[in-house]
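Those protein sequence lines, which keep their order, are chains C and V. Take the first sequence: its letter number 156 is residue 203 in our numbering, and every next letter is one higher. Take the second sequence: its letter number 80 is residue 894 in our numbering, and every next letter is one higher.
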Amino acid sequence: MLKHIWAALTGGPVTTDAPPLDADALVQLRDAELAGRLDAAAHRRLGRSLSIRAVDAGSCNGCELEIHAVNNPIYDLERFGIRFVASPRHADVLLVTGPVTRNMAEALRRTWDATPDPKWVVACGDCACTGGVFAGSYACVGPVESVIPVDLTLPGCPPPPRVLLAGLLALLESSAEPLSAIAPPAGRQGHSRP
Amino acid sequence: MYVGEDPLFGLMNRIGKPVDGHRPFPRYRTTPGGWRTLVESLGGNTLSVVGLWGEPAAVHVALREELSGDVVVVSLDCPNGHFPSLSAVRPSVIRLERTACDLFGLVADGAVDPRPWLDHGAWGVTHPLAVPPGPAPAEPQRYPFLKTEGEGLHQIPVGPVHAGIIEPGHFRFTANGETVARLEQRLGYVHKGIEGLMAGRTVGDAARLAARISGDATVAHSLAFARAVEAALGVAVPPRAVWLRGVMAELERLANHLGDIGAICNDAAFAFMLAEMGRLREAVLLTNDAVFGHRLLMDRVVPGGVSVDLPDDGGKRILELVAELRRRFPPLVAIYESKASLQDRTVGTGIVSIRLVSRFGTGGYVGRASGRGQDARRTPGYAPYDDLDFEIPVLTAGDVNARVWVRIREVEQSLSLLEQMIRRMPGVPRDSHGRTPLPRVDLPAGAGEGMALVESFRGEIMTWVRLADDGTVARCHPRDPSWFQWPLLEAAIEGNIVADFPLCNKSFNGSYSGHDL
Chain C
48 MLKHIWAALT GGPVTTDAPP LDADALVQLR DAELAGRLDA AAHRRLGRSL
98 SIRAVDAGSC NGCELEIHAV NNPIYDLERF GIRFVASPRH ADVLLVTGPV
148 TRNMAEALRR TWDATPDPKW VVACGDCACT GGVFAGSYAC VGPVESVIPV
198 DLTLPGCPPP PRVLLAGLLA LLESSAEPLS AIAPPAGRQG HSRP
Chain V
815 MYVGEDPLFG LMNRIGKPVD GHRPFPRYRT TPGGWRTLVE SLGGNTLSVV
865 GLWGEPAAVH VALREELSGD VVVVSLDCPN GHFPSLSAVR PSVIRLERTA
915 CDLFGLVADG AVDPRPWLDH GAWGVTHPLA VPPGPAPAEP QRYPFLKTEG
965 EGLHQIPVGP VHAGIIEPGH FRFTANGETV ARLEQRLGYV HKGIEGLMAG
1015 RTVGDAARLA ARISGDATVA HSLAFARAVE AALGVAVPPR AVWLRGVMAE
1065 LERLANHLGD IGAICNDAAF AFMLAEMGRL REAVLLTNDA VFGHRLLMDR
1115 VVPGGVSVDL PDDGGKRILE LVAELRRRFP PLVAIYESKA SLQDRTVGTG
1165 IVSIRLVSRF GTGGYVGRAS GRGQDARRTP GYAPYDDLDF EIPVLTAGDV
1215 NARVWVRIRE VEQSLSLLEQ MIRRMPGVPR DSHGRTPLPR VDLPAGAGEG
1265 MALVESFRGE IMTWVRLADD GTVARCHPRD PSWFQWPLLE AAIEGNIVAD
1315 FPLCNKSFNG SYSGHDL
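Given below as structure tokens:
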């Protein structure tokens, strides 16, 4: 095992480069009018770190597998100051997956209530964004935003780790500086800050 | 060979009449009297229950004769919504019967446990798949957990929202100090109504739902659905599609086993293994993406064949992956074996007896770690596995360590299978334009009933489907292997300490979504 650790120490990093800051994700943030709730005090308090609580609200487990993957040595989310925490009371961000089953809606609401302000909600995966293939079922409420307010959507079935990384980094960047400081991408008009 | 009456077909000839158009296994329709004879026969050990599912006015049970591997379906019409319960002789069907009641309002008379299971009173409707569905529930009812009484006992409720990045479910521990006296599970939180959504859909739309029954076993569930549909329609898929399906299924098994081995060690506080196995798992997923265009291989297996063929360098890339894993995996296994502190956690923890896995018909690594070698790839067997060399590892210790070792051995087998399949992959003749067509056939629209047994990384999936005359899905029931594994987790943890629960749970890695549907 010591040989193995030595090889890992001397072999150079296996981690991939950080994805470029995702302009589309930033626009989605603006669309969700996150800016209004990101006051200076919140920025000071959070600095450049985010604590995330993952909530499975009915996913098929595909999204969870990819959320696990962003924590592996290849994508290594923690190098950016973003980490997953065990309780909503320790979290800044709820990362919600699934088409919100009726059996989970109450638990999701309570988890949101237990998360201290300021807080953000990221809908992760097609089901969480739109209900996906499960839309219209007697057992599903629908997209996450029909139960709690959503700040960022990360579509995909499931969203691959690079998309998850880019989206979460966009959230980190926007919480570290006022959104007005981030230039909207060319050709797309962002919402003005209230 | 048996002397005298065949234990399965002899019984079927006595109690039932064969129903036409059910493939590949026969289906028999029986009477209430015949059903009661069946209940008596299930008291013995000859037969195991492969599945039990409802329809608006009928109940079906799939059975396997353990020695010969023969499979049949027995159906009972229930015009008044009642049928004699099998749960007294077969505890594995308790939750399946509760589900049939929740979804269809079918009451199992004499059931051991009449409590609801998937229905938490939140759907705004009762018996949603019955015709017509029941009224909305009057008011939310408290779920009565089983009583545990005794001096010094205390309860620890856990979930549905867990501390890790895992699916939701509720675990009610009753502990005496650190020792677990009873664990009771409550599942159903991720019930999405998949069976209801599939009804009335085209086969193509239903296949997309089947691919999302359990995201980690998307290939296996897609394959089970596709093979059930193809059986119902009597369609044979091109040989290359069959082999490509095999390649995808083994890549899925590989990725999941590697992830599980790492995660189990991590739950014993050995994070090194999680990091190392995470790298190997990622190597598989990157290959999946490069070769088939999706990291988890979702929607790649479709009824009629496959939706994507290997690119020109696909075979080479997969062989390179096999070579890389053969080089990097064994040293990690040696580390797993040599760490006394890790072995101290996994050896002798969470033991499941062979008596229980036989009684529950439990498959996959849970069954095979406790001495039950059932593997659908071998029995009943299906292409391309009937043409390939592989071993099914079976251990008898039944503890966490045995479940890790079954996975280690299966990783080795999957690597060998991948190599065999890539080297022997049948080609497709070019068409008149010089192009190579996708190995996929169009499905005729027609009625039929089909069933398939497919070995996922977790164990045996049974999917049953009935197609209507217009080719849409009239009823589909996918039974995830977790149905017969979750109940044994309750037995495995008994007498262990609470802190070993994550370890036991991870070694089972039951699917919540596949179970809750």
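Heads up, the beta-carbon is just placed ideally off N, CA and C, and yes, glycines get one too.
Cβ contact (3+ pairs, closer than 8 Å) linking the stretch 1261-1268 of chain V and the stretch 1153-1172 of chain V: no
Classify Glu80 of chain C as helix, strand or coil using the three-state DSSP reduction. The count along the first sequence starts at 1 and reaches residue 80 of chain C at position 33. Any reading at Glu80 of chain C needs caution, since the residue's pLDDT is 42, under 50, leaving its predicted position unreliable; the model's value is listed next. Correct three-state label for Glu80 of chain C: coil.
Roughly how many angstroms lie between the CA atoms of Gly835 of chain V and Ala1261 of chain V, to the nearest whole one? If you number the second sequence from 1, residue 835 of chain V lands on position 21. If you number the second sequence from 1, residue 1261 of chain V lands on position 447. So the alpha carbons of these two residues sit roughly 9 Å apart.
Look at Asp1321 of chain V and Val1214 of chain V and say whether their C-beta atoms are less than 9 Å apart. If you number the second sequence from 1, residue 1321 of chain V lands on position 507. If you number the second sequence from 1, residue 1214 of chain V lands on position 400. It should be pointed out that residue 1321 of chain V corresponds to Ser in this sequence rather than to Asp. Cβ distance < 9 Å, so Ser1321 of chain V and Val1214 of chain V count as in contact.
To the nearest whole angstrom, what separates the beta carbons of Ser1228 of chain V and Leu1068 of chain V, a pair I think is in contact under 8 Å? Reading the second sequence from its first residue, position 414 is the one you call residue 1228 of chain V. Reading the second sequence from its first residue, position 254 is the one you call residue 1068 of chain V. Indeed they touch by this definition, with Cβ atoms about 5 Å apart.
Beta carbon proximity, Leu1135 of chain V to chain C, threshold 9 Å: Residue 1135 of chain V sits at position 321 when you count from the first residue of the second sequence. No - not a single Cβ of chain C is within 9 Å of the one on Leu1135 of chain V.
Please state the DSSP three-state secondary structure of Gln1227 of chain V. If you number the second sequence from 1, residue 1227 of chain V lands on position 413. Residue state, collapsed to three classes: helix.
Does Asp103 of chain C get closer than 9 Å to chain V when you measure Cβ to Cβ? Taking the first sequence and counting its residues from 1, the one referred to as residue 103 of chain C is at position 56. By this cut-off, Asp103 of chain C is an interface position.
Chain A contact for Thr1032 of chain V (CB, 9 Å cutoff): Here the protein chains are C and V, and chain A is not one of them.
Residues that DSSP places opposite Cys107 of chain C in a beta bridge: Here residue 107 of chain C is taken as the residue at index 60 of the first sequence, counted from 1. Per DSSP, none; premise fails for Cys107 of chain C.
According to DSSP, simplified to helix, strand and coil, what is Gly1328 of chain V? The residue you call residue 1328 of chain V lines up with position 514 of the second sequence. Gly1328 of chain V falls in the helix class under three-state DSSP.
For Val1004 of chain V and chain C, any beta-carbon pair shorter than 9 Å? Translated into the one-based positions of the second sequence, residue 1004 of chain V becomes position 190. Val1004 of chain V counts as touching chain C.
Across which residues does DSSP place Pro832 of chain V in a beta bridge pair? Within the second sequence, residue 832 of chain V is the residue found at index 18, counting from 1. Paired residues: V:Tyr842.
So who's on the other strand from Val1268 of chain V, going by DSSP bridges? Indexing the second sequence from 1 puts residue 1268 of chain V at position 454. In the DSSP output, where bridge partners are listed per residue, Val1268 of chain V has V:Ile1275.
His1247 of chain V - partner residues in DSSP beta bridges: In the second sequence, counting from the first residue as 1, residue 1247 of chain V sits at position 433. None, per the DSSP bridge assignment.
Determine the contact status of Leu822 of chain V and Leu866 of chain V, defining contact as a CB-CB distance below 9 Å. For this step, residue 822 of chain V is matched to residue 8 along the second sequence. For this step, residue 866 of chain V is matched to residue 52 along the second sequence. No. Outside cutoff.
Return the Cβ separation of Gly109 of chain C and Gly1029 of chain V in integer angstroms, given the expectation that the two are a contact with Cβ distance under 8 Å. Taking the first sequence and counting its residues from 1, the one referred to as residue 109 of chain C is at position 62. Taking the second sequence and counting its residues from 1, the one referred to as residue 1029 of chain V is at position 215. About 3 Å separates the two Cβ atoms, so the contact holds.
Which residues, in chain order, does the stretch 1094-1112 of chain V contribute to contact with chain C at a C-beta distance below 8 Å? Arg1095, Glu1096, Leu1099, Asp1103, Arg1109, Leu1110, Met1112
Where the stretch 187-219 of chain C meets chain V: residues whose CB sits under 8 Å from a CB there: Cys187, Cys204, Pro205, Pro207
By Cβ distance below 6 Å, which residues in the same chain neighbour Phe1315 of chain V in space, the five residues on each side in sequence not counted? Start at 1 with the first residue of the second sequence, and residue 1315 of chain V comes out as number 501. Closer than 6 Å at the Cβ level, and outside the excluded window around Phe1315 of chain V, lie Ile1307.
Contacts that Ala944 of chain V makes with chain C (C-beta to C-beta distance below 9 Å): Here residue 944 of chain V refers to the residue found at position 130 of the second sequence. The premise fails here: Ala944 of chain V is roughly 12 Å from chain C at the closest Cβ pair, so nothing lies under 9 Å.
Give the single residue among V:Glu880, V:Val863, V:Pro898, V:Gly818 whose Cα lies nearest to the Cα of Thr844 of chain V. On the second sequence, residue 844 of chain V is found 30 positions in, with the first residue counted as 1. With distances taken between Cα atoms, Thr844 of chain V lies closest to V:Pro898.
First and last residue of the alpha helix (DSSP H) that includes Trp1300 of chain V? Working through the second sequence from its first residue, we reach residue 1300 of chain V at position 486. Segment 1300-1307, the alpha helix (DSSP H) holding Trp1300 of chain V.
Less than 9 Å between the C-beta atoms of Ala936 of chain V and Pro954 of chain V, yes or no? Within the second sequence, numbered from 1, the residue matching residue 936 of chain V stands at position 122. Within the second sequence, numbered from 1, the residue matching residue 954 of chain V stands at position 140. Cβ distance < 9 Å, so Ala936 of chain V and Pro954 of chain V count as in contact.
Cut-off 6 Å between Cβ atoms - residues of its own chain near Asn1080 of chain V, not counting five sequence neighbours on either side: Within the second sequence, residue 1080 of chain V is the residue found at index 266, counting from 1. Cβ within range, chain order: Leu1088.
Expressed to the nearest angstrom, what Euclidean distance is found between the alpha-carbon atoms of Val1115 of chain V and Ala1040 of chain V? For this step, residue 1115 of chain V is matched to residue 301 along the second sequence. For this step, residue 1040 of chain V is matched to residue 226 along the second sequence. Using only the alpha carbons, I get a separation of about 7 Å.
Below-9 Å beta-carbon distance, Ala1313 of chain V vs any chain C residue: In the second sequence, the residue the question calls residue 1313 of chain V occupies position 499. Not one chain C Cβ lies under 9 Å of Ala1313 of chain V.
Give the secondary structure of Ala54 of chain C by DSSP, where H, G and I count as helix, E and B as strand, and everything else as coil. Here residue 54 of chain C corresponds to residue number 7 of the first sequence, with the count starting at 1. Ala54 of chain C falls in the helix class under three-state DSSP.
Starting from the N-terminal side, write out each stretch of the beta strand (DSSP E) that is 3 residues or longer and does not extend beyond the stretch 124-199 of chain C. 129-131, 140-144, 167-171
List, in chain order, every chain C residue whose beta-carbon is nearer than 7 Å to that of Pro1145 of chain V. As a working mapping, residue 1145 of chain V is identified with position 331 in the second sequence. Those within 7 Å of Pro1145 of chain V in chain C are His51.
Keeping to the same chain, check which residues put their C-beta closer than 6 Å to that of Met1012 of chain V; ignore five residues upstream and five downstream. Locating residue 1012 of chain V in the second sequence gives position 198, counting from the first residue. Hits under 6 Å: Ala1020, Leu1023, Val1287, Cys1290.
Rounded straight-line distance, which links the Cα of His1035 of chain V to that of Val1105 of chain V: Residue numbering aside, residue 1105 of chain V sits at position 291 when the second sequence is read from its first letter. Residue numbering aside, residue 1035 of chain V sits at position 221 when the second sequence is read from its first letter. Cα-Cα distance, rounded: 20 Å.
Option nearest Cys187 of chain C by Cα separation, candidates C:Thr148, C:His137, C:Pro135: Numbered from 1 along the first sequence, position 140 holds the residue referred to as residue 187 of chain C. Among C:Thr148, C:His137, C:Pro135, the Cα nearest to that of Cys187 of chain C belongs to C:Thr148.
Pull up the CB-CB distance for Gly903 of chain V and Gly857 of chain V, whole angstroms please, since I reckon it's below 8 Å. As a first step, residue 903 of chain V is located in the second sequence; it is residue number 89 there, counting from the start. As a first step, residue 857 of chain V is located in the second sequence; it is residue number 43 there, counting from the start. It is Val, not Gly, that sits at residue 903 of chain V in the sequence shown. Confirmed, Cβ separation roughly 5 Å.
Residue of C:Asp64, C:Val191, C:Asp164, C:Ile129 minimising C-alpha distance to Thr177 of chain C: As a first step, residue 177 of chain C must be located in the first sequence, where it is residue number 130. Taking only the C-alpha atoms, the option nearest Thr177 of chain C is C:Val191.
Closer than 7 Å, Cβ to any Cβ of chain V: which residues of the stretch 155-189 of chain C, in chain order? Thr158, Val180, Phe181, Ser184, Tyr185, Ala186, Cys187
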